[in-house]
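Enquirer: Dropping a structure here in structure tokens format, bear with me for questions.
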Amino acid sequence: MGETGDGCAHCITDKWYEVEYVENVLANILSRLPVKSLLACKSVCKHWCQLISSQAFIDLQLLWSKNHSIYIVYPYMDMRMTLYLMKDGDEITKRITFPYCGNLSPLTIICSFDGLLCCINYTWKVDSGMIVEDVTDLEIRICNPVTRKALLLPKGSTSEEKPSIGVAFGPQINEYKIFRFFCAKRISLAKRQSRANRRQCEVYSSSTGSWSVIGRVPYCPMQSSHSPLGSNHVFVNGKIYWLIASDEDHMTAGSILTVDIEENFGTIDLPKEVTEHSYLVDLEGCLSLVAVYDEDEIVNIWILEDKDKPKWELKCSDPVPFSNEECVEFVVARENEIFFITSNHYYIYDLDQRFWRELDLSDTSEKKFPVAVAYTESLLSCDGRMDPQTEDISNRTSI
Amino acid sequence: MSSSNNSGKVLKLKSKDNQIFEVEESVAIQSELIKNVVEAGCDIGVIPLLTVHSKTLRNVIEWCQKHVDYVEENDSGSNEEEIKNWESEICEEGNNNGSDDEETKNWESEENNNGSDEEEAKNWESEGNNDGSNKEEVENWEWEENNDGSDEEELENWESKFVDVDKDSLYALLLAADYLSIDSLLERVIKQVADVIKQCRSVEEVRQTFGIKSDFTPEEEEEIREEISWID
Numbered sequence: 101m102g103e104t105g106d107g108c109a110h111c112i113t114d115k116w117y118e119v120e121y122v123e124n125v126l127a128n129i130l131s132r133l134p135v136k137s138l139l140a141c142k143s144v145c146k147h148w149c150q151l152i153s154s155q156a157f158i159d160l161q162l163l164w165s166k167n168h169s170i171y172i173v174y175p176y177m178d179m180r181m182t183l184y185l186m187k188d189g190d191e192i193t194k195r196i197t198f199p200y201c202g203n204l205s206p207l208t209i210i211c212s213f214d215g216l217l218c219c220i221n222y223t224w225k226v227d228s229g230m231i232v233e234d235v236t237d238l239e240i241r242i243c244n245p246v247t248r249k250a251l252l253l254p255k256g257s258t259s260e261e262k263p264s265i266g267v268a269f270g271p272q273i274n275e276y277k278i279f280r281f282f283c284a285k286r287i288s289l290a291k292r293q294s295r296a297n298r299r300q301c302e303v304y305s306s307s308t309g310s311w312s313v314i315g316r317v318p319y320c321p322m323q324s325s326h327s328p329l330g331s332n333h334v335f336v337n338g339k340i341y342w343l344i345a346s347d348e349d350h351m352t353a354g355s356i357l358t359v360d361i362e363e364n365f366g367t368i369d370l371p372k373e374v375t376e377h378s379y380l381v382d383l384e385g386c387l388s389l390v391a392v393y394d395e396d397e398i399v400n401i402w403i404l405e406d407k408d409k410p411k412w413e414l415k416c417s418d419p420v421p422f423s424n425e426e427c428v429e430f431v432v433a434r435e436n437e438i439f440f441i442t443s444n445h446y447y448i449y450d451l452d453q454r455f456w457r458e459l460d461l462s463d464t465s466e467k468k469f470p471v472a473v474a475y476t477e478s479l480l481s482c483d484g485r486m487d488p489q490t491e492d493i494s495n496r497t498s499i
Numbered sequence: 024m025s026s027s028n029n030s031g032k033v034l035k036l037k038s039k040d041n042q043i044f045e046v047e048e049s050v051a052i053q054s055e056l057i058k059n060v061v062e063a064g065c066d067i068g069v070i071p072l073l074t075v076h077s078k079t080l081r082n083v084i085e086w087c088q089k090h091v092d093y094v095e096e097n098d099s100g101s102n103e104e105e106i107k108n109w110e111s112e113i114c115e116e117g118n119n120n121g122s123d124d125e126e127t128k129n130w131e132s133e134e135n136n137n138g139s140d141e142e143e144a145k146n147w148e149s150e151g152n153n154d155g156s157n158k159e160e161v162e163n164w165e166w167e168e169n170n171d172g173s174d175e176e177e178l179e180n181w182e183s184k185f186v187d188v189d190k191d192s193l194y195a196l197l198l199a200a201d202y203l204s205i206d207s208l209l210e211r212v213i214k215q216v217a218d219v220i221k222q223c224r225s226v227e228e229v230r231q232t233f234g235i236k237s238d239f240t241p242e243e244e245e246e247i248r249e250e251i252s253w254i255d
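Protein sequence lines, in the order shown, are assigned to chains A and B.
Numbering-wise (this note's numbering), the first sequence opens with residue 101 and increments by one.
Numbering-wise (this note's numbering), the second sequence opens with residue 24 and increments by one.
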């Protein structure tokens, strides 16, 4: 038989040693395991531990996991801060809590990317002897619910208004940037600076671990009517897209604000006038605008064909299964389907079959304002990509 | 470049223990390694597979054969096309009543009107113009060939039985699939080994199953255990 290399301290049988010896085979096998098993497998032996902890393996596991995404439904305003996972179909199969998030004011999930969740919450402050929420600032956390790690980002610039957040990921796996729109304090008492003039944007980069101010921006994301903490945004195809309020009606979108990972801003027109029930989602790698027209009880689903010019294609227009007394509260897309959360129901719309199906999530039906995200398990660390020089057995710990 | 799929060409593969296996090219090129050898024109004589034992190679060939058969039987896309082509051919031949009649008339008028000729013409007409039975045949063929659902299941069951073997054989298959670059086999065996790991209920069981010794010091092991103490 071939040479057995320079001795394998941990393998008793030759045959399995051969398997481990072949590059990538063991990594491929392990990448099929759920993260919980992987964490346990770190204890098997040093070789397995080093392999599972390596950035290369983490990237590989993510690639595999991305093909098996599931929905997480999250009842915002739930003091127990529990995530409800829906694996294998349309039922809730597992519950997990946010790691390290006890004693916080209610969190909401801004987005989910590559197994990490970005969540925000107001901070507490004391006002007239009472503990209340400070609505001018938000705490931002990145957490990995399945490896039980969380990272609280450093505070951003002081803001007079509630900030808006958007998350971009890339360019490499496990790198991300957070864009934060805030309203700077008036710096000169003599000159009256309008709020519009004081609106600025800053960005947090996972590679620097700190905020840097970009400066004044002409537009700010509009606040979402149904998720008071968040603004509807989506990161797809290298850009973050937010809805911008129209001049006539602050509750309705007028156009779209974009920024790319290199921090270049732009705007895109909407394809058509929309109502306040309009959402941006990532549909199979393209930006999609899901616009519900309550009066007509239909939904239009548009796809942005060219990400540089505003060229929209109407992918489909279908009647909605709910009456106009119900309104759509949240929308998220996964593969070729769109998950709708309305006042009283949950629906999944299959774009290929043009078919609606209703879900029965009796567990969460009594909760209000549920949020849903498409989620995949991963081993990604909350504080970003590992520096290759510090790859070792111990993970860099976060709070 | 010999790249035709159904040339019926037979390749000779030699296992590590010097056994020769004759395998049809269409089956052997399920292996990317062998496919590359063939495309480079180096498939003269015998192709040596230095790391694959005959016992394993026999199984690998069986896998490849099954998958080639499966694709041929159930390639519904090309089946439909074939049926359509066949149908239109039949229609052209048999159902062009107008031109057939004309042709037979012309033929009849050309030749002498012998009894035997007329008979022949009639036979020809009846052979060619049997719309009913042709369509029936086509329908039956369609029904047989396009039962996609259960065929896929059948293949999955076959695959599961195939990989239900002792560990040493499984590892041998794994190494062979990797060496020969047979994606379908590699995927299935990888899944099988991953399932074995998933079924282990403790870290010690994983070690025992694969014959692995822990090389951690007690302190290191304690550190790792603590990190993940919330599991189970």
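Every residue, glycine too, gets a C-beta built ideally from N, C-alpha and C.
Here the structure is a predicted model, which is why all the values come from computation and not from measurement.
Helix, strand or coil, according to DSSP, for A63 of chain B in the structure here?
Expert: Residue state, collapsed to three classes: coil.
Enquirer: If D201 of chain B and V122 of chain A are in contact, beta carbons under 8 Å, what's the gap, nearest whole angstrom?
Expert: 6 Å
Enquirer: Pull the bridge partners of C301 of chain A from the DSSP assignment, please.
Expert: C301 of chain A is bridged by DSSP to A:F281 and A:G315.
Enquirer: Which chain A residues sit within Cβ distance under 7 Å of A217 of chain B?
Expert: I129, R132 and L133
Enquirer: Which residues in the same chain as Y379 of chain A place their Cβ atom closer than 7 Å to its Cβ, once the five residues preceding and following it in sequence are excluded?
Expert: N332, V390 and V431
Enquirer: What in chain A is Cβ-close to R81 of chain B, meaning under 7 Å?
Expert: By Cβ distance, chain A contributes nothing, its closest Cβ being about 18 Å from R81 of chain B, past 7 Å.
Enquirer: Where do the N-terminal and C-terminal ends of the beta strand (DSSP E) with R195 of chain A fall, by residue?
Expert: K194 to T197
Enquirer: Applying a beta-carbon distance threshold of less than 7 Å, which residues of chain B neighbour V119 of chain A?
Expert: The answer, in chain order, is Y194, L197 and L198.
Enquirer: Report the option in A:G338, A:D394, A:S264 and A:R241 whose CA atom is closest to the CA atom of N364 of chain A.
Expert: Among A:G338, A:D394, A:S264 and A:R241, the Cα nearest to that of N364 of chain A is on A:G338.
Enquirer: Strictly below 8 Å CB to CB, what residues from chain A border R230 of chain B?
Expert: V144 and C145
Enquirer: May I ask you to list the residues that DSSP assigns as paired with H90 of chain B?
Expert: Answer by DSSP bridge pairing: none, since H90 of chain B is not bridged.
Enquirer: Could you check the C-alpha separation between V235 of chain A and Y194 of chain B for me, to the nearest Å?
Expert: 59 Å
Enquirer: Which one of A:N444, A:D450, A:R454 and A:E435 has the shortest CA to CA distance from N512 of chain A?
Expert: Residue 512 of chain A is absent from the model: chain A starts at 101 and stops at 499.
Enquirer: State yes or no: is the beta carbon of N234 of chain B nearer than 8 Å to at least one beta carbon in chain A?
Expert: It should be pointed out that residue 234 of chain B corresponds to Gly in this sequence rather than to Asn. Interface with chain A (8 Å Cβ-Cβ cutoff): G234 of chain B is included.
Enquirer: Looking at the unbroken beta strand (DSSP E) that takes in D347 of chain A, where does it start and where does it end?
Expert: No beta strand (DSSP E) holds D347 of chain A; DSSP gives it neither H nor E.
Enquirer: Three-state secondary structure (DSSP) at V173 of chain A?
Expert: strand
Enquirer: Quick one: measure Cβ to Cβ for V471 of chain A and Y174 of chain A, integer angstroms, because I've assumed they're closer than 8 Å.
Expert: 5 Å
Enquirer: Using 8 Å as the threshold, is the C-beta distance between Y319 of chain A and I340 of chain A below it?
Expert: Cβ distance not < 8 Å, so Y319 of chain A and I340 of chain A don't count as in contact.
Enquirer: D66 of chain B touches chain C at which residues, Cβ-Cβ below 8 Å?
Expert: The displayed structure is made up of protein chains A and B, and chain C is not among them.
Enquirer: Between which two residues does the alpha helix (DSSP H) holding D238 of chain B run?
Expert: Where D238 of chain B is concerned, there is no enclosing alpha helix (DSSP H), given that its DSSP letter is neither H nor E.
Enquirer: Can a CB atom of chain B be found closer than 8 Å to the CB of E491 of chain A?
Expert: In this prediction, E491 of chain A has a pLDDT of 42, which is less than 50 and means its spatial position is unreliable; nothing more can be read from the coordinates.
Enquirer: Would you tell me roughly how many angstroms separate the C-alpha atoms of Y184 of chain A and E242 of chain B, rounded to the nearest one?
Expert: 36 Å
Enquirer: Using the rule of at least 16 other Cβ atoms within 10 Å of the residue's Cβ for burial, across every protein chain shown, is E134 of chain B buried or exposed?
Expert: Confidence in E134 of chain B is poor, its pLDDT being 46 and thus under 50, which makes the residue's placement unreliable; the coordinate value appears in the next sentence. Counting Cβ neighbours within 10 Å, E134 of chain B comes out exposed, since fewer than 16 surround it.
Enquirer: Does the CB of V122 of chain A have a neighbour CB from chain B at under 8 Å?
Expert: So, interface residue.
Enquirer: Give me the chain B residues within the contact set of K409 of chain A, using Cβ-Cβ distance strictly less than 9 Å, ordered along the chain.
Expert: None at all; the shortest Cβ gap to chain B is about 36 Å.
Enquirer: Whose CA, out of A:S307, A:S154 and A:A284, lies closest to the CA of R298 of chain A?
Expert: A:A284
Enquirer: I'd like the ranges of any beta strand (DSSP E) spanning at least 3 consecutive residues and lying wholly in the stretch 171 to 240 of chain B.
Expert: none
Enquirer: Give the residues of chain B in contact with K115 of chain A, contact being defined as C-beta atoms less than 7 Å apart.
Expert: D191 and Y194
Enquirer: Where DSSP assigns a beta bridge to R434 of chain A, which residues make up the other side?
Expert: Residue pairing of R434 of chain A in beta bridges, as defined by DSSP: A:E437.
Enquirer: Whose Cβ in chain A lies nearer than 8 Å to the Cβ of V226 of chain B?
Expert: A140, C141, S143 and V144
Enquirer: So with CB distances below 8 Å, who are the chain B contacts of S137 of chain A?
Expert: I220 and K221
Enquirer: Using a Cβ-Cβ cutoff of less than 8 Å, which residues in the same chain neighbour I43 of chain B once the five nearest sequence positions on both sides are dropped?
Expert: K35, L36, K37 and V69
Enquirer: Whole angstroms are fine: how far does the CA of P245 of chain A sit from the CA of H90 of chain B?
Expert: 41 Å
Enquirer: Tell me, please, which residues DSSP counts as bridged to A268 of chain A.
Expert: A:K277
Enquirer: Count the CB pairs spanning the stretch 123 to 137 of chain A and the stretch 158 to 167 of chain A that are closer than 8 Å, and state whether there are at least three.
Expert: yes
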